[in-house]
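Numbering (this note's numbering), first residue to last: 881 to 1168.
In this text, a Cβ means the ideal position worked out from N, Cα and C, and glycines have one as well.
The structure presented is a predicted model; accordingly, all values stated were derived computationally and were not measured.
Written out below as structure tokens is the structure these notes cover.
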Amino acid sequence: MATRASSNSNDAVLTGPTPQRFAVAEGQLAEIAKTAAVTVLRLGSGALVDGYRIGLEKTVAENEGDYAVAKIGAWQTVEGTNTLSRFAKPREPLILYDMQDCGECKRVREALSILDLDALVYPCPVGGPAWSGMGQGTGSGPVMVDPSSGMTVTGSDIVEYLFVTYGNPNKIPMMLKSNSISDLTLRLAMCLRKGKGTTFSGAAAATPQKPLVFWAYEASPFCAVVREVLSELALPYVLVNCARGSPKRNALFSKYGHFQAPCLVDDNAGVAMFESAAIIDYLKKTYQ
């Protein structure tokens, strides 16, 4: 049964199937397996927030309604972070011009997940819209605009910028740097998903008035297959990162009574939904 829930300033009706953890929809196994292989190749980069911790807490009145990984008797397994609260946050959302066949773009998305940073994402598939304000360099790498600082950063400089500005520049993970292991795994990852999300298949007239809201994180194979469709349709979206340890997991749980990624909110239609297969079906029926 649909339930009412708040999404940003609007109410969204939670529709679609009930979330099932780690369930793969019929016909989706091959694609999920390939995107999962990408995560393995990348050694899980983007799965955990910076300073990730996990532990046991006793269930008390103050936390019994919070998100927990598991609840056993009077105890619950909870995740969190020891560092994120010490880092600065952008005053305004970051803006990312992103491509699916770009290894450097993937590094940037992994960095955003690790630092728990949200961004307004403009997908840039071949043949897609020429987004207003797009910086130079989108033919070969990502472009990020930070309205809070007035900076536009391109390519491999983005990861360093993010950690200098919104993280610890002395602890940039190995997989986010250019080195033999990271570069090789990125090339292999691009090969595994070759052609996915790279060519525009939408309709310019179908671009929504408001950006979609996409609760996701980079290492999730279920999020990856939805992100590829968002790119193919060139649909702008607000990426709400919620990797393991993110406090935003509890925010999503409080909003809808579930936590599962991906979750899509479309304020243009007033709907919200979990389950990657259902989301993909909705996007294609609505915006293709």
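Could you tell me the distance, in whole angstroms, from the CA atom of Tyr1117 to the CA atom of Gly1075? 21 Å
Cα-Cα separation, Val1170 to Leu1066: Beyond the ends of the chain as shown, which are 881 and 1168, falls residue 1170; an answer cannot be given.
Would the segment 1025-1041 count as touching the segment 1001-1011 if we require 3 or more Cβ pairs under 8 Å? no
Local Cβ density within 10 Å of Gln1089, reported as buried at 16 or more and exposed below that: exposed
Check whether the segment 964-981 touches the segment 946-955, taking contact to mean three or more Cβ pairs, one atom from each stretch, closer than 8 Å. no
In its own chain, which residues sit with a C-beta less than 7 Å from the C-beta of Glu984, not counting the 5 before and 5 after it? Gly1021, Pro1022, Gly1035, Ser1036
Assign Glu906 to one of two classes, buried (16 or more other C-beta atoms within 10 Å of its C-beta) or exposed (fewer than that). exposed
Integer-rounded CB distance, given that Ala1083 should sit under 8 Å from Val918: About 29 Å separates the two Cβ atoms, so there is no contact after all.
DSSP-derived helix/strand/coil call for Cys1143: strand
What residue range does the beta strand (DSSP E) around Ile952 cover? 950-952
Can you give me the C-alpha to C-alpha distance between Leu1056 and Ala1152, rounded to a whole angstrom? 32 Å
With a threshold of 8 Å, are at least 3 pairs of Cβ atoms found where one atom belongs to the segment 934-942 and the other to the segment 1090-1107? no
Which residue or residues does DSSP assign as beta-bridge partners of Asp1026? Met1031
Residue range of the unbroken beta strand (DSSP E) whose run includes Val958: 955-961
Could you check the C-alpha separation between Pro1091 and Leu1115 for me, to the nearest Å? 7 Å
Could you check how far apart the C-beta atoms of Tyr1097 and Ser993 are, in whole angstroms? I think they sit under 8 Å. 5 Å
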